[in-house]
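This report concerns only the one structure given below.
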Amino acid sequence: MRSISGTRAEVRTGLSSESARFLTLTQMDDLWCQHLENMNLLKESVSMEVFRGRNPLEEFGAQGKEMFLDLLDNVRRNTVYSLQMYNPSPKTAGAEK
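Under this note's numbering, the sequence shown has 48 at position 45, and the numbering climbs by one with no breaks.
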């Protein structure tokens with residue numbers, strides 16, 4: 004098992020904890036908003052399950068759980084991608100006045 008200090012030592016130069024937190028929260032916020040929109044669509048579409056002989060509440064719960072697990076996977080994947088792609092602009096001598 005790797006230690007936290009070992010993991011921190013492997014973090015790319017230039018990626019501060021504030022930057023990592025910002026990138027993570029941005030991904031979580033964007034994906035959470037999409038998830039809420041998808042849950043509203045699911046709520047509207049699950050009422051049709053009555054015609055298939057299924058309980059709409061059970062279908063909403065089952066499909067909602069799958070959508071939430073997908074949300075967590077997407078947050079992890081997008082956050083890792085954002086952290087890998089993050090390239091802070093170098094400070095120039097003219098900008099420091």
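From the three backbone atoms N, C-alpha and C, an ideal C-beta is built for every residue, glycine too. Remember, it's a predicted structure, so these values are computed and weren't measured experimentally.
For residue i, the three-state DSSP class (helix, strand or coil)
i: Pro91; result: coil
i: Asn77; result: helix
i: Ser50; result: helix
i: Gly56; result: coil
i: Ser20; result: helix
Check whether residue i and residue j have beta carbons under 8 Å apart
i: Leu45; j: Gly67; result: yes
i: Glu47; j: Glu62; result: no
i: His38; j: Leu60; result: no
i: Met88; j: Met70; result: no
Neighbourhood of residue i by C-beta, 6 Å cutoff - its chain only, sequence neighbours within 5 removed
i: Thr82; result: Thr27 and Gln30
i: Asn77; result: Leu34
i: Val49; result: Pro59, Glu62 and Phe63
Cutoff 8 Å; reference residue i; Cβ partners in own chain excluding five residues on either side
i: Glu21; result: none
i: Met4; result: In this prediction, Met4 scores a pLDDT of 42, lower than 50, which makes its location untrustworthy; the coordinate-derived value is nonetheless stated afterwards. The answer is none, since no qualifying residue turns up.
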